[in-house]
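Input: a single structure, listed below in structure tokens.
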């Protein structure tokens with residue numbers, strides 16, 4: 012087990028992907044009018060790729076198109092003071108091919124927000140890191 016300077020366990024990339032696959036909510040960090048923006052999203056992992064379902068005219072859909080974004084998900088238990096956090100960075104793109112959209116629409120990814128969410132943002136992590144704290 013590797014520890015960082017603060018004593019947190021450093022997670023291997025494969026473990027980071029396993030943890031991402033275990034939770035349905037994360038946060039995407041993107042640029043909105045030249046400023047950083049963070050938005051909570053529900054997502055799923057598809058063969059190591061982060062998939063977010065959103066509305067076609069949303070701020071997120073416009074901002075994340077062919078841009079570098081960060082994505083973070085975590086899980087913490089305040090009672091036991093344990094948890095983990097995983098961060099991924101990569102280029103986001105809008106799914107545009109009909110066959111890919113059909114395949115992504117079949118994923119277990121149901122939007123929580125009301126309205127039509129027929130637009131998919133896909134991000135293959137180019138960098139991924141994670142930390143875990145165990146008391």
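Numbering (the working numbering), first residue to last: 12 to 146. Just so it is clear, CB atoms sit at the ideal spot from N, CA and C, and this is done for glycine as well.
Express the C-alpha separation of residue j and residue i in angstroms, rounding to a whole number.
| i | j | result |
| --- | --- | --- |
| residue 94 | residue 77 | 32 Å |
| residue 116 | residue 143 | 32 Å |
| residue 121 | residue 64 | 8 Å |
| residue 103 | residue 28 | 17 Å |
| residue 129 | residue 19 | 39 Å |
| residue 92 | residue 145 | 7 Å |
| residue 124 | residue 42 | 21 Å |
| residue 113 | residue 69 | 20 Å |
| residue 23 | residue 34 | 18 Å |
Helix, strand or coil, according to DSSP, for residue i in the structure here?
| i | result |
| --- | --- |
| residue 28 | helix |
| residue 16 | coil |
| residue 22 | coil |
| residue 75 | coil |
Among all the DSSP beta bridges, which residues are the ones paired with residue i?
| i | result |
| --- | --- |
| residue 59 | For residue 59, which the question treats as bridged, DSSP gives no partner whatsoever. |
| residue 48 | 41 |
Mind listing, in chain order, the continuous alpha helix (DSSP H) runs of no fewer than 4 residues lying wholly within the region 89-127? 109-116
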